[in-house]
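**Student:**
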Amino acid sequence: MTDPAKPTAPRVAIIGGGPAGLMAAEVLAAAKVDVDLYDAMPSVGRKFLLAGVGGMNITHSEPKVAFLTRYGERRTEMVRLLEDFDADALRDWIHGLDISTFVGTSGRVFPTDMKAAPLLRAWLKRLRTQGVAIHTRHRWLGWSEGGALRVETVDGEKHIEADAVLLALGGGSWPRLGSDGRWTSLLQARGVDLSPLKPSNCGFEVAAWSEHLQTKFAGAPLKNVALRVDDEAPRTGEFVLTDCGVEGSLVYALSAAIRRQIEARGSARVLLDLLPQIPADKLTAALARPRGKQSLAKHLHRQAGLSGVKAALLRELAPRDAFADPAHLAPWIKALPIELVRARPIEEAISSAGGVPFEALDGGLMLKALPGVFCAGEMLDWEAPTGGYLLTACFASGRAAGRGALAWLARRG
1 MTDPAKPTAP
11 RVAIIGGGPA
21 GLMAAEVLAA
31 AKVDVDLYDA
41 MPSVGRKFLL
51 AGVGGMNITH
61 SEPKVAFLTR
71 YGERRTEMVR
81 LLEDFDADAL
91 RDWIHGLDIS
101 TFVGTSGRVF
111 PTDMKAAPLL
121 RAWLKRLRTQ
131 GVAIHTRHRW
141 LGWSEGGALR
151 VETVDGEKHI
161 EADAVLLALG
171 GGSWPRLGSD
181 GRWTSLLQAR
191 GVDLSPLKPS
201 NCGFEVAAWS
211 EHLQTKFAGA
221 PLKNVALRVD
231 DEAPRTGEFV
241 LTDCGVEGSL
251 VYALSAAIRR
261 QIEARGSARV
271 LLDLLPQIPA
281 DKLTAALARP
291 RGKQSLAKHL
301 HRQAGLSGVK
311 AALLRELAPR
321 DAFADPAHLA
331 PWIKALPIEL
341 VRARPIEEAI
351 SSAGGVPFEA
361 LDGGLMLKAL
371 PGVFCAGEML
381 DWEAPTGGYL
391 LTACFASGRA
401 AGRGALAWLA
411 RRG
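Residue numbers 1 to 413, in full-length UniProt numbering, belong to the letters of the sequence shown in order.
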């Protein structure tokens, strides 16, 4: 029988079962708060599991100063979150689940078995042991007139009372996994000003490739190349030619800058260095050597190792008169302009930008317009490239929002 004199624990409802929501649940449950976590999908962590396909890149090992630069325009706000729970802290936390990690050759950090599922299983087991109640197939519909949470279930709509609410609903990318952005209208109806959701870590389209490039080279990777936008330092890596443009890790790393340029000018120009390992003067000298009866294609291959999709892209984008003298091709090989006209749809993006701006939140990630409602994860207005930066920040923001909710509950007594 319950002792009526014994105070009941506060109850927090978490909406969203991705890394941010689960981390917030752990923080709250560890403080003896009753936690109910609701997710619209049949199981939690679906996008997290997808991220593990091909290798679960959990974070990155680069020095902290460099790590923090990856958050672009929101660096100041993200530094505060990541100073409290950085990449090293995340690795320690993973090790606490008896999951070992290693650093790959690129500096990326992976679980030893490269899989997301064992990590998620161990985590969910610990959360349930802590008393976290997980409710799947529960879609949040907003608030009732009386202030209760409206939740759609297989048995109809339910109204749920909670002392605090923590939203970790993701952005607008990969809607089939739950991040569908439907929450934006619910918050706007409550007076929360949002930044429009936009694709991030996404591919981009050109006006049109030639039929030859489309049919023969769509899907071909360009390896060991460099890209830059405006006067920014070039980034090296690889990307993929698509039938309508470009995508891949190197493009994703520049997606924020590319998107902003398209928004400002209607298109964006990226400069591609097809051979970043060869200095411009040496390339010019090599291409100026007599080619005799060799075809230009063979000359480019012999003197510069340029062939396949790289040579095809050079043919596509360099002016015709530059091919009259091979030496004149060197500047184009080192800075081949690609004009990008639009981002691919947000549904195809790895992540999204926009959402709840930090200006709408207090220091504990509580909405100023809705006391007792906290936000975390990708629904906040920040973005970062792939490579572990996205996940690290989602974990860190979930932890910060959970601690913010604890502090708010404590102030209320």
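Even glycine gets a Cβ: it sits at the ideal position worked out from N, Cα and C.
As the structure is a prediction and not an experimental result, all values here were calculated from the model.
Between the region 259-267 and the region 296-313, can you find at least three pairs of beta-carbon atoms closer than 8 Å?
**Tutor:** With the cut-off at 8 Å, the region 296-313 and the region 259-267 do not touch.
**Student:** Taking just the CA atoms, how far does L22 sit from I79?
**Tutor:** On the sequence shown, residue 79 is found 79 positions in, with the first residue counted as 1. On the sequence shown, residue 22 is found 22 positions in, with the first residue counted as 1. According to the sequence displayed, residue 79 carries Val and not Ile. Straight-line Cα distance between these residues: approximately 21 Å.
**Student:** Under 8 Å Cβ to Cβ from A5, same chain only, skipping five residues before and after it: list those, please.
**Tutor:** Here residue 5 corresponds to residue number 5 of the sequence shown, with the count starting at 1. Reliability of the predicted coordinates at A5 is poor, the pLDDT of 49 falling under 50, and no value is obtained from them.
**Student:** Helix, strand or coil for R269? Go by DSSP, reduced to three states.
**Tutor:** For the purposes of this step, residue 269 is taken as residue 269 along the sequence shown, with counting starting at 1. Strand at R269.
**Student:** Would you mind working out which of A324, L274, P276 sits nearest S295, comparing C-alpha positions?
**Tutor:** Taking the sequence shown and counting its residues from 1, the one referred to as residue 295 is at position 295. Nearest C-alpha to S295: A324.
**Student:** Assess contact between the region 334-342 and the region 7-26, defined as three or more Cβ pairs (one per stretch) separated by less than 8 Å. Is contact present?
**Tutor:** No: fewer than three Cβ pairs fall under 8 Å.
**Student:** Cβ of A335 within 8 Å of Cβ of L271?
**Tutor:** As a working mapping, residue 335 is identified with position 335 in the sequence shown. As a working mapping, residue 271 is identified with position 271 in the sequence shown. Contact flag set, yes.
**Student:** In terms of residues, what are the limits of the alpha helix (DSSP H) holding C394?
**Tutor:** The count along the sequence shown starts at 1 and reaches residue 394 at position 394. Counting along the chain, the alpha helix (DSSP H) containing C394 begins and ends at 389-412.
**Student:** Can you give me the C-alpha to C-alpha distance between M56 and T242, rounded to a whole angstrom?
**Tutor:** Taking the first residue of the sequence shown as 1, we reach residue 56 at position 56. Taking the first residue of the sequence shown as 1, we reach residue 242 at position 242. Computed Cα separation, rounded: 25 Å.
**Student:** For F110, count the other beta carbons within 10 Å of its own beta carbon; 16 or more makes it buried, fewer makes it exposed. Which is it?
**Tutor:** As a first step, residue 110 is located in the sequence shown; it is residue number 110 there, counting from the start. Its Cβ being crowded by 16 or more others within 10 Å, F110 is buried.
**Student:** Is the CB-CB distance between G52 and A117 below 8 Å?
**Tutor:** One-based indexing of the sequence shown puts residue 52 at position 52. One-based indexing of the sequence shown puts residue 117 at position 117. Going by C-beta atoms, G52 is nearer than 8 Å to A117.
**Student:** Alpha carbon to alpha carbon, how far is L194 from Q188? Give it in angstroms, no decimals.
**Tutor:** By 1-based counting over the sequence shown, the position of residue 188 is 188. By 1-based counting over the sequence shown, the position of residue 194 is 194. Answer to the nearest angstrom: the Cα atoms are 7 Å apart.
**Student:** V132 and Y38: beta carbons closer than 8 Å?
**Tutor:** The residue you call residue 132 lines up with position 132 of the sequence shown. The residue you call residue 38 lines up with position 38 of the sequence shown. It is not a contact, given that the beta carbons lie outside the stated cut-off.
**Student:** Return yes when the C-beta of L120 is under 7 Å from any heavy atom of the ligand MG, and no when it is not.
**Tutor:** Ligands in the displayed structure: none, and consequently the ligand MG is not present.
**Student:** Closer than 8 Å is the cut-off here; do at least three beta carbon pairs connect the region 23-30 with the region 394-403?
**Tutor:** Touching, yes.
**Student:** Can you round the beta-carbon distance between G17 and L197 to whole angstroms, since I take them to be within the 8 Å contact cut?
**Tutor:** For the purposes of this step, residue 17 is identified with residue 17 of the sequence shown, where counting begins at 1. For the purposes of this step, residue 197 is identified with residue 197 of the sequence shown, where counting begins at 1. The Cβ separation is near 20 Å, so there is no contact.
**Student:** Hey, quick one: how far does the beta strand (DSSP E) through P19 stretch, first residue to last?
**Tutor:** Counting from one through the sequence shown, the residue named residue 19 turns up at place 19. Premise fails: P19 lies in the alpha helix (DSSP H), 19-30, not in any beta strand (DSSP E).
**Student:** Output the distance between the C-alpha atoms of L141 and L167, rounded to the nearest integer angstrom.
**Tutor:** Counted from its first residue, the sequence shown places residue 141 at position 141. Counted from its first residue, the sequence shown places residue 167 at position 167. Looking at the two C-alpha atoms, the distance is approximately 12 Å.
**Student:** Could you tell me the distance, in whole angstroms, from the CA atom of A330 to the CA atom of L317?
**Tutor:** Residue 330 sits at position 330 when you count from the first residue of the sequence shown. Residue 317 sits at position 317 when you count from the first residue of the sequence shown. Each residue's alpha carbon lies about 13 Å from the other.
**Student:** Just the C-alpha distance for A40 and G54, rounded to the nearest angstrom, thanks.
**Tutor:** For the purposes of this step, residue 40 is taken as residue 40 along the sequence shown, with counting starting at 1. For the purposes of this step, residue 54 is taken as residue 54 along the sequence shown, with counting starting at 1. Their backbone Cα atoms lie some 26 Å apart in a straight line.
**Student:** If distances are taken between C-alpha atoms only, which option among T236, T184, L97, P326 comes closest to R289?
**Tutor:** Here residue 289 refers to the residue found at position 289 when the sequence shown is read from its first residue. Among T236, T184, L97, P326, the Cα nearest to that of R289 is on P326.
**Student:** According to DSSP, is M78 part of a helix, a strand, or is it coil?
**Tutor:** By one-based count along the sequence shown, residue 78 stands at place 78. M78 falls in the helix class under three-state DSSP.
**Student:** Taking 8 Å as the cut-off, does the region 96-110 touch the region 118-126 (at least 3 CB pairs, one atom from each stretch)?
**Tutor:** They touch, by the three-pair rule.
**Student:** Throw me the rounded Cβ distance for the R235 and L250 pair, which I believe falls under 8 Å.
**Tutor:** Against the sequence shown, residue 235 aligns to sequence position 235. Against the sequence shown, residue 250 aligns to sequence position 250. With a Cβ gap of about 6 Å, R235 and L250 count as contacting.
**Student:** Which residues share a DSSP beta bridge with T101?
**Tutor:** The residue you call residue 101 lines up with position 101 of the sequence shown. Paired residue(s): P111.
**Student:** DSSP puts T69 in a beta bridge; with which residues?
**Tutor:** Numbered from 1 along the sequence shown, position 69 holds the residue referred to as residue 69. None; T69 has no bridge partner.
**Student:** Would S173 and S351 be called neighbours here (beta carbons separated by less than 8 Å)?
**Tutor:** Counting from one through the sequence shown, the residue named residue 173 turns up at place 173. Counting from one through the sequence shown, the residue named residue 351 turns up at place 351. Yes. Within cutoff.
**Student:** I need the DSSP call for A286, collapsed to helix, strand or coil.
**Tutor:** Locating residue 286 in the sequence shown gives position 286, where the first residue counts as 1. Note: A286 maps to helix in three-state DSSP.
**Student:** Using a Cβ-Cβ distance cut-off of 8 Å, determine whether V341 contacts chain B.
**Tutor:** The structure shown contains no chain B; it is built from a single protein chain.
**Student:** Measure the C-alpha to C-alpha separation of P357 and C375 and round it to an integer number of angstroms.
**Tutor:** Translated into the one-based positions of the sequence shown, residue 357 becomes position 357. Translated into the one-based positions of the sequence shown, residue 375 becomes position 375. Looking at the two C-alpha atoms, the distance is approximately 10 Å.
**Student:** Relative to the C-alpha of K223, which candidate in S307, E205, K158 has its C-alpha closest?
**Tutor:** For this step, residue 223 is matched to residue 223 along the sequence shown. Measuring from the Cα of K223, the nearest candidate turns out to be S307.
**Student:** Considering only DSSP beta bridges, list what S352 is partnered with.
**Tutor:** Residue numbering aside, residue 352 sits at position 352 when the sequence shown is read from its first letter. Its beta-bridge partners are P199.
**Student:** Quick one: grab the DSSP three-state call for M41.
**Tutor:** Residue 41 sits at position 41 when you count from the first residue of the sequence shown. Three-state DSSP puts M41 in coil, outside helix and strand.
**Student:** I'd like to confirm the pairing. Which residues does DSSP put opposite D36 in its beta bridges?
**Tutor:** One-based indexing of the sequence shown puts residue 36 at position 36. Per DSSP, A13, A133.
**Student:** Take D362 and list the residues in its own chain whose beta-carbon comes closer than 8 Å to its own, dropping the five residues that flank it on each side.
**Tutor:** Position 362 of the sequence shown holds residue 362. The residues are K368, G404.
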